[in-house]
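In terms of the working numbering, the sequence shown opens at residue 8 and continues consecutively. Quick reminder that beta carbons are idealized off the backbone N, C-alpha and C, glycines included.
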Amino acid sequence: MKFPRPAAFLLFAPAMALAQAPAPAVSKDPIRNGGFERTLQSPNLWPGVDKDGFLAGFRGVLPVLSESGSVAETPMPVSVAAGDLNGDGLADLATSDPLGYVRIYFNSGTAQEPRFTTGELSLPWLASGEGRPLWTPPELGGINEIGGWNMRWAKRRQGVRIGLANLSGSGKLDLVAGNYFGEIYLVGNTGSAQAPQFAQPQPLTKAALPLSADPDRRWGNLFAPLLHDWDGDGRLDLLVGEGSYSANNVHLLTNEGSNASPDFSSGKKQALALGQGREQLSPALADVNGDGRLDLLVADRKGRVSVYPRPDNWKPGESIAPAGYLAKNGGFLPEEAQAQSFGSGAITIATADLNGDRLFDLIIGRGNGRVAWSPNKGTKESPKFDPPAELKGDKASPPAWLAPSQWDISTGASRGNFFAYATAVTAQEDAGAQPAEGTRALKFGYAAPSNQRIPRPAVFFPGAKDFDRDSELRGVDFLYRASAEDRGLNGPANFFVMRQLLQFDIGKTYKLSFRAKGNKVSNAACTIGWRAYKELGEARVIRGERGAATRTVNSISDGTEQQVEFRPGASWSEVTGEYKIQFRKQRDLNKEAKTSEAFIEISFDLAAPDGFLYLDDLKLVPQG
């Protein structure tokens, strides 16, 4: 039997990953919306502006400790940093969404009135899961099921937090980034002070900073890094906000190397600012009390910002005490009830003077994927911030794509497939479509980048080198319970997949047909799978010694998958197949009326930047 190829894994939900509707009762063709006429809006976030014109990136969630004490999937904020990235004297914004995509918003306004239009996507892609296993045996800590250990392992480099720093002394801003796994990466700016450029490290781990003498020993997670010469020796030190478990701190790792070649691994890590029960700590620097020294601001998982003034005579090894929260009515107060809210959940922060009044403002990254700005209307000695206003970008933001309803689609956003999309188009919207039936066809392709200063990025996920297309999956159960994103846990970036859950009449023959045309499409296949399960009696529980119990299930099950490959050309061609829904191992299941589980899946590789594929008129017609 030839297994279908997996597509993308993503517990985070990018633009094209849609929830699957429950499978309906069989009525003739079991496929719903096979002509792609019914659609749902899906935002085009590649330019960094959503359909309402706000600066935004992909949203995402990660499993973190909640206040109830349980681990729950929690929205991650977009990360924000500010600095002059093109040498015009204005503060630009850099962001990273939870999926690891870095966008730079160049400020085209004035010193008194900032203006950000669209974001330019930049390398590096920071969430590469290179080297991750598809399956790990239980004896090595693996759980071979959806939502288990392997799923979390695949997400370990997401939840990216970034910062900017001038390590070279040339005026160019370099990029520092932390992630959920407790890693920190340093990526140098190989461009100029007027046009930044960041390369993709090959492999990504090549850019990892050793944080201890033992690189395999991790001491935290969900790292938010910041580079600053805290001890005053002329070398940039590393401040790290952590994480999502227990009571977290902002740690200081002094630089025992140089700015050009920093060394934070000598063991001189200390808790600079105690989190005191707050979590998902994100640090920033500003002179909060007008004494001429940069103080520490720390955002947390509740959308508050704590203030840690720098003491007059700080000495290495000392922790600094919090003075309170930025307060609703200005200044900072210790009472939590007086804290100003900058977001409804976890936030990240950066500081910059965006309106030229010589007071630091707050730039805030939120869990809804948007970026907000809180102007400082206080004084140098007592800041006071307006309520956060989400920043508007280009009013002519790209129109939303139209995702076909009833279909679960992955375009590879979780694997660095830059600018990929899927949308249902008419002949009027896309002259190349010319639908084979109805008014719409489904198109997969790559969008034109909005980049003007930064070269178009492209990443091919390194896991593709080890991707066995015929035997990567293990176990029939996984095939039916997987989402489109689950199916490419170790696949290449440019792997696309669409799938739908079905139900068949057992014993009936179904004829598959659909139309396809495209360019630079490879490894294209359509897979049909079905499974049945039947309980033969009640489960038995066998008691053992010392309270041990074994549950024995009295049941039978069987399943199969069949695949047809296709090679689309420049004009519409028909792909067909025929399937007898029956079972050969457990023949008693052929007496059942309907399948317990079934699916249809179409998967393929698409070459960037000009590969495309159209699909239309997808049917499974029962015969007889």
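When the beta-carbon positions are compared, Leu398 and Phe61 come within less than 8 Å of each other.
Here the C-alpha atom of Ser580 lies approximately 6 Å from the C-alpha atom of Ala523. For Leu100, the uninterrupted beta strand (DSSP E) run begins and ends at Asp99 to Ser103, by DSSP.
Looking from the CA of Ser129, the closest CA among Ala403, Leu243, Gln459 and Lys598 belongs to Gln459. Counting of Cβ neighbours within 10 angstroms places Ser86 among the buried residues, the total reaching 16 or more. Our two residues, Leu409 and Leu97, have alpha carbons roughly 37 Å apart in a direct line. For Leu596, there is no enclosing beta strand (DSSP E), as DSSP marks it with neither H nor E.
If you draw a straight line from the Cα of Arg45 to the Cα of Arg39, it is about 10 Å long. Distance from the Cα of Ala89 is smallest, within the candidate group Ser421, Ala379 and Leu508, for Ala379. In this structure Ser490 is buried. Its beta-carbon is surrounded by 16 or more other beta-carbon atoms within 10 angstroms. When secondary structure is reduced to three states using DSSP, Arg317 falls in the coil class, being assigned neither helix nor strand. In this structure, the alpha-carbon of Glu542 lies about 4 Å from that of Ser562. Ile169 is a Cβ neighbour of Leu182, given a cutoff of 8 Å. Following the DSSP letters along the chain, one finds Leu259 inside the beta strand (DSSP E) bounded by residues Asn256 to Leu260.
By the C-beta criterion, the segment 516–532 is judged to be in contact with the segment 608–626, since at least 3 inter-stretch pairs fall below 8 Å. When Leu47, Phe65 and Ser49 are compared, the shortest CA-CA separation from Gly55 is found for Phe65. Take the alpha-carbon of Phe451 and the one of Gly498: they are about 18 Å apart. Nearest neighbour of Gln204 by Cα position, chosen from Pro341, Thr534 and Ile461, turns out to be Ile461. Between the alpha carbons of Trp226 and Ser421 lies a gap of roughly 26 Å.
Per DSSP, the continuous beta strand (DSSP E) segment holding Asn526 begins and ends at Thr516 to Asn526. The C-alpha of Asp91 is placed about 5 Å away from the C-alpha of Asp99. When DSSP states are grouped into helix, strand and coil, Thr212 belongs to the helix group.
Counting other Cβ atoms within 10 Å of its Cβ, Ala434 stays below 16 and is therefore classed as exposed. By the CB criterion at 8 Å, Thr125 and Ser457 fall inside the cutoff.
Counting every other CB atom within 10 Å of its CB across the protein chains shown gives Gly544 a total below 16, marking it as exposed. Note on Gln201: under 16 other CB atoms within 10 angstroms of its CB, so exposed under the neighbour-count rule. Taking all protein chains shown into account, Tyr108 has 16 or more neighbouring C-beta atoms within 10 Å of its C-beta and is therefore buried. Distance from the Cα of Glu286 is smallest, within the candidate group Asp624, Gly337 and Ala231, for Ala231. Using a Cβ distance threshold of 8 Å, Asn320 and Leu281 do not count as a contacting pair. The beta carbons of Ala161 and Ser103 sit about 18 Å from each other, so the pair does not count as a contact at 8 Å.
Taken through DSSP and simplified to helix, strand or coil, Asp493 comes out as helix.
Closest in C-alpha terms to Gly241, from the list Lys515, Pro269 and Ile607, comes Pro269.
In the DSSP assignment, Trp408 falls within the unbroken beta strand (DSSP E) covering Trp408 to Pro411. If you look at Gln507, you'll find it in the beta strand (DSSP E) that goes Phe502 to Leu509. In the DSSP assignment, Ile461 is bridged to no other residue. Beta-bridge annotation (DSSP): Ala63 is paired with Arg377.
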